[in-house]
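Numbering (our numbering), first residue to last: 3 to 167. Built from N, CA and C at the ideal position, the CB exists for glycine as well. For reference, the structure discussed in these notes is given below.
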């Protein structure tokens, strides 16, 4: 499935779900699934953040929503989610050959501690500190990759996040 088709599925699912009214989603998270058709990645906020008293940003925060084409609301998953950070501004076609600055990997058990309910439904919230691997570029590009227990990985579109100096 092309990236355009994946985003079309995610957008259609978001529109079908109404993207609002949290009351329509239960207080209990849905059962995790293995297969997804699209991965949505959002910066929350869409900029690097300083979490301590030392000047300079310490990382980024993102939300990941996963979708199945036949379901209007996001799904939770049984596989692994990886968040991959690259230096600079990269387009989707450039990511394949690029060397990441950092990769964060979250197992199904770790994903359970990252559950988050937003206006679009249930998803995952991640606070990604870069530790000693501080980017030297004005922006970083983040990509989310979902790897199911069986089958091929599904990627999000690229998310470019500015880094204030």
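Three-state class that DSSP yields for residue i in the structure shown
i           : result
residue 39  : coil
residue 197 : With the chain represented from 3 up to 167, any question about residue 197 goes unanswered, as that position is not in the structure.
residue 84  : strand
residue 153 : coil
residue 146 : strand
residue 110 : helix
Whether residue i touches residue j by CB criterion (7 Å)
i           : j           : result
residue 81  : residue 161 : no
residue 87  : residue 144 : yes
residue 41  : residue 68  : yes
residue 36  : residue 151 : yes
residue 117 : residue 31  : yes
residue 142 : residue 148 : no
Assumed close pair residue i, residue j - CB separation to whole angstroms, cut-off 8 Å
i           : j           : result
residue 38  : residue 75  : Not a contact, Cβ separation roughly 13 Å.
residue 154 : residue 146 : Actually they do not touch by this definition, with Cβ atoms about 15 Å apart.
Selection from the options that minimises the alpha carbon distance to residue i
i           : options              : result
residue 101 : 157, 111, 121 and 90 : 90
residue 125 : 78, 146 and 35       : 78
residue 65  : 84, 33 and 54        : 84
residue 136 : 122, 57 and 34       : 57
residue 132 : 54, 40 and 61        : 61
residue 223 : 92, 31, 49 and 29    : With the chain running from 3 to 167 in the structure shown, residue 223 is simply not present.
Nonlocal neighbours in the same chain, by C-beta distance under 7 Å from residue i, ignoring five residues either side
i           : result
residue 54  : 60
residue 140 : 164 and 165
Same chain only: Cβ atoms within 6 Å of residue i, ignoring 5 sequence neighbours per side
i          : result
residue 20 : Because residue 20 sits at a pLDDT of 42, beneath the cut-off of 50, its placement in the model cannot be relied upon, and the following sentence gives the value as read from the coordinates. Contacts found: none.
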